[in-house]
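Numbering-wise, the sequence shown is residues 66 to 528 according to the numbering used here. Contents: one structure, followed by commentary.
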Amino acid sequence: MTAAECTVFFLPGLGLDAAAAQPLAHELGDRFRVVPVTLPGQGGSADAPDGSVSAQIDAALAVIADEADGGPWLLCAHSMGGKIAAGIASRVRDGDVPVFGLLGVVLLAPSPPTPEPMPDEKRSQMLAWVEDGPIAEADAQTFVDDNVGAPLPAELQQPTVASVQAMSPVAWRRWLEQGSLEDTTSSVGVLDLPCTVLAGDQEDALGAAVQPDLLSGVYPRARFVPLAGAGHLLPLERPIEVAHAITELWDEIIVHSAVVPAEWGRVIASPRTTTRVRSALARRALPDAAAYRSRVLEPEQLDLLRQIAARLVPQPVGGAIDLAARVDTDLAAGGGDGWRPMGALTDDEAYRVGLDELLPVWPTSPDGQDAMIRDVIDGKGVPGGTVAGDELRRWFEDLRVDLVREWLIHPASLARVGYDGFATGAEDVDFAGYQQLAADTRDEWEPSDLGVAPLDQTQKDTA
Numbered sequence: 066m067t068a069a070e071c072t073v074f075f076l077p078g079l080g081l082d083a084a085a086a087q088p089l090a091h092e093l094g095d096r097f098r099v100v101p102v103t104l105p106g107q108g109g110s111a112d113a114p115d116g117s118v119s120a121q122i123d124a125a126l127a128v129i130a131d132e133a134d135g136g137p138w139l140l141c142a143h144s145m146g147g148k149i150a151a152g153i154a155s156r157v158r159d160g161d162v163p164v165f166g167l168l169g170v171v172l173l174a175p176s177p178p179t180p181e182p183m184p185d186e187k188r189s190q191m192l193a194w195v196e197d198g199p200i201a202e203a204d205a206q207t208f209v210d211d212n213v214g215a216p217l218p219a220e221l222q223q224p225t226v227a228s229v230q231a232m233s234p235v236a237w238r239r240w241l242e243q244g245s246l247e248d249t250t251s252s253v254g255v256l257d258l259p260c261t262v263l264a265g266d267q268e269d270a271l272g273a274a275v276q277p278d279l280l281s282g283v284y285p286r287a288r289f290v291p292l293a294g295a296g297h298l299l300p301l302e303r304p305i306e307v308a309h310a311i312t313e314l315w316d317e318i319i320v321h322s323a324v325v326p327a328e329w330g331r332v333i334a335s336p337r338t339t340t341r342v343r344s345a346l347a348r349r350a351l352p353d354a355a356a357y358r359s360r361v362l363e364p365e366q367l368d369l370l371r372q373i374a375a376r377l378v379p380q381p382v383g384g385a386i387d388l389a390a391r392v393d394t395d396l397a398a399g400g401g402d403g404w405r406p407m408g409a410l411t412d413d414e415a416y417r418v419g420l421d422e423l424l425p426v427w428p429t430s431p432d433g434q435d436a437m438i439r440d441v442i443d444g445k446g447v448p449g450g451t452v453a454g455d456e457l458r459r460w461f462e463d464l465r466v467d468l469v470r471e472w473l474i475h476p477a478s479l480a481r482v483g484y485d486g487f488a489t490g491a492e493d494v495d496f497a498g499y500q501q502l503a504a505d506t507r508d509e510w511e512p513s514d515l516g517v518a519p520l521d522q523t524q525k526d527t528a
């Protein structure tokens with residue numbers, strides 16, 4: 066059996082448990098490792114210390130940290146799990162937890178970071194179900210029937226009702242009275258990672274019609290997919306569509322990112338790597354936006370910069386880092402090394418002028434492009450150009466540095482060149498530096514492939 070390409074951590078919604086992931090796992094097959102995360106109070110598990118969303122996030126992250134293998138992973142979260150997923154993603158982004166490798170999220174009728182828009186009468190009805198203890202079978206049946214667009218298959222109906230009955234009355238009440246009403250937007254912020262949101266058109270509170278308003282500000286890359294005829298229990302109602310959404314998102318991710326090897330992911334997640342460094346590497350590892358819109362450069366300028374990047378910083382076959390988009394993003398944020406000769410153009414102005422100088426005469430063939438690059442580096446300028454050759458050469462030197470820097474600071478590139486010095490600065494481990502300082506040696510904590518030259522795909526094909 067081949068190893069899974071990616072782990073999917075599944076967060077069940079209110080009243081469900083780990084069993085809700087089974088239909089999805091069946092549809093995904095061996096390509097993904099599906100790990101259900103039973104939240105406090107679900108499926109007979111113990112209640113959390115309190116009713117806060119933070120307590121739920123803590124419990125989920127404990128499972129993820131224990132089950133993560135250092136490789137890439139996705140979150141798939143349903144209903145209540147959606148609010149918890151946002152908190153998980155923000156903590157991983159900020160490097161606050163010993164976890165690395167989150168590359169995207171798939172949300173199923175999710176509860177938003179803002180207070181959940183549940184009608185008061187429905188909230189009161191659901192609270193009444195646990196006034197005297199666990200939920201009765203008739204009330205659990207009502208909950209299931211009220212949350213589907215069409216009856217569940219017979220083999221899922223009774224187990225689902227049983228899972229609702231098994232939920233702790235304390236956890237049920239806490240979610241309705243506290244967790245669902247909590248506003249976590251300030252701690253979550255903006256989650257700029259690939260995201261697909263599925264919701265049924267037969268639901269009002271968290272259905273397809275309201276999800277864009279609830280989540281667009283949190284997930285700027287979100288793709289919203291309405292499911293005709295579906296209600297709220299999407300993992301059970303529509304496992305095929307959910308599996309398709311996960312596969313489609315993953316296929317997009319692997320095209321637009323360089324995946325970090327699992328051993329390196331474990332080092333980044335370890336206490337040897339500081340929170341600040343882990344956060345920087347987590348952000349850099351995120352896939353580039355498939356439909357990136359330039360912020361400083363014009364579209365044709367960005368396209369030319371991508372072509373130049375392909376000649377200057379060739380990347381392995383497969384997923385690649387969009388170096389040009391990252392340079393454009395840095396320019397928009399006022400990035401750069403802060404150095405500029407007196408009287409010279411600002412970085413963004415220089416890029417626009419330099420790229421405009423190259424655009425009219427840029428060759429179509431790789432050989433012609435390489436020849437023009439050499440001429441620019443040699444200070445010869447371009448045919449019929451208006452910018453002095455030496456001035457163009459100085460700008461092009463900055464461009465080369467920018468592109469190489471964007472490539473090198475990515476954690477997949479650090480793994481490729483064998484640099485793990487980012488993991489030697491922690492102060493809360495017994496010995497944070499290196500113990501073995503000699504040629505052809507490495508410490509026990511270092512990745513086993515350190516010092517072994519990576520093979521390009523062309524080399525692998527002929528090996």
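Just so it is clear, CB atoms sit at the ideal spot from N, CA and C, and this is done for glycine as well.
Put E70 into one of helix, strand or coil per three-state DSSP.
-> Within the sequence shown, numbered from 1, the residue matching residue 70 stands at position 5. E70: coil per DSSP, three-state reduction.
Tell me the start and end of each unbroken alpha helix (DSSP H) in the segment 424-494 that is at least 4 residues and wholly inside, in chain order.
-> 431-442, 454-473 and 476-482
Determine the direct distance from the alpha carbon of D485 to that of E471, and round the result to whole angstroms.
-> Mapped onto the sequence shown, residue 471 falls at position 406. Mapped onto the sequence shown, residue 485 falls at position 420. Each residue's Cα considered, the two are about 17 Å apart.
Sort out for me which residues DSSP pairs V99 with in a bridge.
-> Working through the sequence shown from its first residue, we reach residue 99 at position 34. V73, per the DSSP bridge assignment.
Who are the near neighbours of L126 in its chain, counting only those whose CB is closer than 8 Å to its CB and skipping five residues on each side?
-> Residue 126 sits at position 61 when you count from the first residue of the sequence shown. Counting only Cβ-Cβ distances below 8 Å, and skipping sequence neighbours, we find I153, R156, V162 and V164.
With burial defined as no fewer than 16 other Cβ atoms inside 10 Å of the residue's Cβ, what is the status of L81: buried or exposed?
-> In the sequence shown, residue 81 corresponds to position 16, counting from 1. Burial call: buried.
Roughly how many angstroms separate the alpha carbons of A111 and A124, rounded to a whole number?
-> In the sequence shown, the residue the question calls residue 111 occupies position 46. In the sequence shown, the residue the question calls residue 124 occupies position 59. Answer to the nearest angstrom: the Cα atoms are 10 Å apart.
Work out the CA separation of T225 and I305 for me, nearest whole Å.
-> The residue given as residue 305 occupies position 240 in the sequence shown. The residue given as residue 225 occupies position 160 in the sequence shown. So the alpha carbons of these two residues sit roughly 18 Å apart.
Give the single residue among P177, V128 and A90 whose Cα lies nearest to the Cα of P105.
-> Mapped onto the sequence shown, residue 105 falls at position 40. Minimum Cα distance to P105 is reached at V128.
Can the beta-carbon of G383 be found less than 7 Å from the beta-carbon of G296?
-> As a working note, residue 383 is residue 318 in the sequence shown. As a working note, residue 296 is residue 231 in the sequence shown. Going by C-beta atoms, G383 is not nearer than 7 Å to G296.
With respect to the beta strand (DSSP E) encompassing L263, which residues constitute its N-terminal and C-terminal limits?
-> What you label residue 263 is simply residue 198 of the sequence shown in a count that begins at 1. Segment C260 to G265, the beta strand (DSSP E) holding L263.
Distance, S251 Cα to G78 Cα | Mapped onto the sequence shown, residue 78 falls at position 13. Mapped onto the sequence shown, residue 251 falls at position 186. For G78 and S251, the distance between alpha carbons rounds to 23 Å.
Assuming L263 contacts A293 under a Cβ cut-off of 8 Å, what Cβ separation, rounded to an integer in Å, is found between them?
-> Here the question's residue 263 lines up with position 198 in the sequence shown. Here the question's residue 293 lines up with position 228 in the sequence shown. Not really, about 12 Å apart at Cβ, beyond 8 Å.
To the nearest angstrom, report how far apart L258 and D197 are at their CA atoms.
-> Taking the first residue of the sequence shown as position 1, residue 258 is located at position 193. Taking the first residue of the sequence shown as position 1, residue 197 is located at position 132. If I take the Cα positions, the gap works out to 43 Å.
Would you call the CB atoms of G166 and P137 closer than 7 Å?
-> Sequence index remark: in the sequence shown, residue 166 carries index 101 (1-based). Sequence index remark: in the sequence shown, residue 137 carries index 72 (1-based). The answer is yes: Cβ separation under 7 Å.
Count the other CB atoms within 10 Å of the CB of H91; is the residue buried (16 or more) or exposed (fewer)?
-> Numbered from 1 along the sequence shown, position 26 holds the residue referred to as residue 91. Answer is exposed; the Cβ neighbour count stays below 16.
Could you pull out every unbroken alpha helix (DSSP H) segment of at least 4 residues lying fully inside the segment 326-409, listed in chain order?
-> 327-334, 340-350, 364-377 and 388-397
Skipping 5 residues on each side, what residues in its chain have a beta carbon closer than 6 Å to that of D185?
-> Here residue 185 refers to the residue found at position 120 of the sequence shown. None.
Presumed contact (8 Å Cβ cut-off) between D159 and S344, rounded CB distance = Stepping through the sequence shown from its first residue, residue 159 is reached at position 94. Stepping through the sequence shown from its first residue, residue 344 is reached at position 279. Sure, about 5 Å apart at Cβ, within 8 Å.
T261 vs L314 beta-carbon contact at 7 Å = Position 196 of the sequence shown, counted from the first residue, corresponds to residue 261. Position 249 of the sequence shown, counted from the first residue, corresponds to residue 314. A contact, by the Cβ cut-off of 7 Å.
May I have the straight-line CA-CA distance separating D210 from P216, to the nearest angstrom?
-> As a working mapping, residue 210 is identified with position 145 in the sequence shown. As a working mapping, residue 216 is identified with position 151 in the sequence shown. Going by the C-alpha atoms only, they are around 7 Å apart.
Give every residue of the same chain whose Cβ lies closer than 6 Å to the Cβ of L140, excluding the five residues on either side of it in the sequence, and list them in chain order.
-> Numbered from its first residue, the sequence shown carries residue 140 at position 75. For L140, where only same-chain residues beyond five positions count, the Cβ hits under 6 Å are F74, A150 and V170.
Below 8 Å, can you find three or more Cβ-Cβ pairs linking the segment 281-291 to the segment 194-208?
-> no
Distance CB(V118)-CB(T312) smaller than 7 Å | Counting from 1 along the sequence shown, the entry for residue 118 is found at position 53. Counting from 1 along the sequence shown, the entry for residue 312 is found at position 247. Not closer than 7 Å, so no.
Check whether the segment 498-508 touches the segment 410-426, counting contact only when three or more Cβ pairs, one atom from each stretch, lie closer than 8 Å.
-> no
Is it buried or exposed for Q223, if we count other Cβ within 10 angstroms and need 16 for buried?
-> Translated into the one-based positions of the sequence shown, residue 223 becomes position 158. Classification of Q223: exposed, given that the 10 Å Cβ count is below 16.
Relative to the alpha-carbon of R341, which residue among P379, W329 and F487 has its alpha-carbon at the smallest distance?
-> Position 276 of the sequence shown holds residue 341. Closest by alpha carbon: F487.
With P137 as the anchor, note down where its alpha helix (DSSP H) starts and where it stops.
-> The residue labelled residue 137 in the question sits at position 72 within the sequence shown. Taken as a continuous stretch (DSSP letters only), P137 belongs to no alpha helix (DSSP H), as it is neither H nor E.
From D278, A142, I438 and R238, pick the residue whose C-alpha is nearest to that of S189; which is it?
-> Locating residue 189 in the sequence shown gives position 124, where the first residue counts as 1. Nearest of D278, A142, I438 and R238 to S189, Cα basis: R238.
Host beta strand (DSSP E) of L81 (start-end) = Taking the sequence shown and counting its residues from 1, one reaches residue 81 at position 16. Here L81 belongs to no beta strand (DSSP E), and DSSP marks it neither H nor E.
Beta carbon of L93, beta carbon of A174: below 7 Å?
-> Position 28 of the sequence shown holds residue 93. Position 109 of the sequence shown holds residue 174. Taking 7 Å as the Cβ cut-off, L93 and A174 do not qualify as a contacting pair.
Option nearest D463 by Cα separation, candidates R507, A398 and L377 = Here residue 463 refers to the residue found at position 398 of the sequence shown. Measuring from the Cα of D463, the nearest candidate turns out to be L377.
When the Cα atoms are used, what is the spatial distance from G490 to V253?
-> Counted from its first residue, the sequence shown places residue 490 at position 425. Counted from its first residue, the sequence shown places residue 253 at position 188. Between G490 and V253, the C-alpha separation is close to 27 Å.
Report back the beta-carbon spacing between G419 and L362 to the nearest angstrom; my notes put them in contact at under 8 Å.
-> For the purposes of this step, residue 419 is taken as residue 354 along the sequence shown, with counting starting at 1. For the purposes of this step, residue 362 is taken as residue 297 along the sequence shown, with counting starting at 1. Not quite, the Cβ-Cβ distance comes to about 11 Å (not below 8 Å), so this is no contact.
Given a cut-off of 7 Å, decide if H475 and R349 are closer than it, judged by their beta-carbon atoms.
-> In the sequence shown, the residue the question calls residue 349 occupies position 284. In the sequence shown, the residue the question calls residue 475 occupies position 410. Yes, they are a contact pair.
With distances taken Cα to Cα, identify the nearest neighbour of D368 among P448, D387, D353 and Q380.
-> For this step, residue 368 is matched to residue 303 along the sequence shown. For D368, the nearest C-alpha among the options comes from D387.
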